[in-house]
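Numbering (UniProt numbering), first residue to last: 1 to 304.
Ideal Cβ placement from N, Cα and C applies to all residues, glycine included.
Since the structure is predicted, the reported quantities are computational estimates derived from the model, not experimental observations.
First up is the structure itself, then whatever we jot down about it.
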């Protein structure tokens, strides 16, 4: 077990280093941020002074070294555009993203499980075909397209829901549906296949032969076992929701991490881009590491 633990931790450290280096280099490909901060026609001396103040006058290896050393000490620099510590900006926006992702997670999981179980119980019927069609459409439909359709219908045509902002519960409806729709479609498909497999197992057949009520067989014997792989996927998806909400938060002007990243890219704010992507990557790496360790503890064959 210890060998497996050290191996997985080593993979996580290597992944984190590769992620950090990739993010650092890619941000430098977006261009020189001083050209966006200074007025057109600024002198070479002004440009050089600003580059020195931002630490861009060093070579790339030196800049990367300073970035890694500061990040290990919890210092992620100061936002070029906002003029405040990036970590404060990140922590200020994080609750908004967590709230949005949490509601989208609940909505997607509830819808996915309910429709998946229904499709399995009525396999190869009209219900099953309809749910599979909806699931396929959810996986194929880009979130930004679904979001624009919702805005067009519920905000522009009907004027029922606000199209942007975070003022009240009504502001959550369309962003939550847009963000959770893709994930609910994945849960539908996985729940259906898992339920079909469990319903055809010997212990479910034995439970039915014992004369147990159909609902008891479905919920206590079939569903409890079928839901395990869905919950494993859902735990990883929860982190993905927080980090993949760039399009949704931008579309609905939601003040979360995704919109912060969009602003960072728009203004070539290197510290903001590096920090948001790096911290998002750290969350995903940690969750995958914990999932690997938990899975190996439950099933020793995984360590082989």
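Handout entry: the segment 172 to 182 contacting the segment 203 to 217, beta-carbon criterion three pairs below 8 Å
Key = no
Problem - Continuous alpha helix (DSSP H) assignments of at least 4 residues falling wholly in the segment 60 to 114 - result: If we require 4 residues or more, the alpha helix (DSSP H) runs fully inside the segment 60 to 114 come out as 60 to 72.
Practice task
Within its chain, find whatever has a CB closer than 7 Å to the CB of residue 222; leave out the 5 residues flanking it on each side and keep chain order.
Solution key: 195, 198, 199 and 204
Practice task
Give the secondary structure of residue 1 by DSSP, where H, G and I count as helix, E and B as strand, and everything else as coil.
Solution key: coil
Problem - As assigned by DSSP and simplified to three states, the class of residue 164 - result: Coil.
Handout entry: C-alpha gap between residue 274 and residue 183, whole angstroms
Key = Roughly 27 Å between the two C-alpha positions.
Problem - For residue 34 and residue 104, the rounded distance between their alpha carbons - result: 38 Å
Problem - Same chain, Cβ closer than 6 Å to residue 108, five either side skipped, listed in chain order - result: 180, 183 and 184
Exercise for the section: Decide yes or no for the touch test of the segment 237 to 257 against the segment 280 to 287: beta carbon pairs closer than 8 Å, at least 3 of them. Expected result: Yes, the segment 237 to 257 touches the segment 280 to 287.
Problem - Distance CB(residue 248)-CB(residue 258) smaller than 8 Å - result: yes
Practice task
Determine the extent of the alpha helix (DSSP H) in which residue 193 is found, giving its start and end residues.
Solution key: 170 to 199
Exercise for the section: Compare the C-alpha of residue 129 against each of 78, 25, 115 and 19 and name the closest. Expected result: 115
Practice task
Using alpha carbons as the reference points, say which of 232, 147 and 289 lies closest to residue 252.
Solution key: 147
Problem - Three-state secondary structure assigned by DSSP to residue 270 - result: helix
Exercise for the section: Specify the secondary structure class of residue 254 as computed by DSSP and reduced to three states. Expected result: coil
Exercise for the section: Please report how far the alpha carbon of residue 16 lies from the alpha carbon of residue 106, in whole angstroms. Expected result: Each residue's alpha carbon lies about 29 Å from the other.
Exercise for the section: List the endpoints of the continuous alpha helix (DSSP H) containing residue 203. Expected result: 202 to 209
Problem - Which of helix, strand or coil DSSP assigns to residue 221 - result: helix
Problem - the segment 284 to 299 in contact with the segment 1 to 11 per 3-pair CB rule at 8 Å - result: yes
Handout entry: Under the three-state DSSP convention, the category residue 213 falls into
Key = Residue 213 sits in coil when the DSSP states are folded into three classes, being neither helix nor strand.
Handout entry: residue 232 (DSSP reduced to helix, strand or coil)
Key = In this structure, residue 232 counts as helix in the three-state DSSP scheme.
Handout entry: Assigned exposure category for residue 59 - 16 Cβ within 10 Å defines buried
Key = Exposed is the call here.
Exercise for the section: Put residue 276 into one of helix, strand or coil per three-state DSSP. Expected result: helix
Exercise for the section: If I'm right that residue 217 touches residue 187 with Cβ under 8 Å, what's the distance once you round it to whole angstroms? Expected result: 22 Å between Cβ atoms; not a contact.
Exercise for the section: Return helix, strand or coil for residue 241, following the three-state DSSP convention. Expected result: helix
Problem - Burial state of residue 79 (16 or more Cβ within 10 Å) - result: Burial state of residue 79 is buried, judged by a 10 Å Cβ sphere holding 16 or more other Cβ atoms.
Exercise for the section: Could you check what DSSP says for residue 123 in three-state terms: helix, strand or coil? Expected result: coil
Handout entry: Distance between residue 237 and residue 53 (C-alpha atoms, nearest Å)
Key = If I take the Cα positions, the gap works out to 40 Å.
Exercise for the section: Output the distance between the C-alpha atoms of residue 13 and residue 110, rounded to the nearest integer angstrom. Expected result: For residue 13 and residue 110, the distance between alpha carbons rounds to 35 Å.
Handout entry: Option nearest residue 100 by Cα separation, candidates 246, 23 and 154
Key = Closest in C-alpha terms to residue 100, from the list 246, 23 and 154, comes 246.
Problem - Extent of the continuous alpha helix (DSSP H) to which residue 143 belongs - result: 143 to 150
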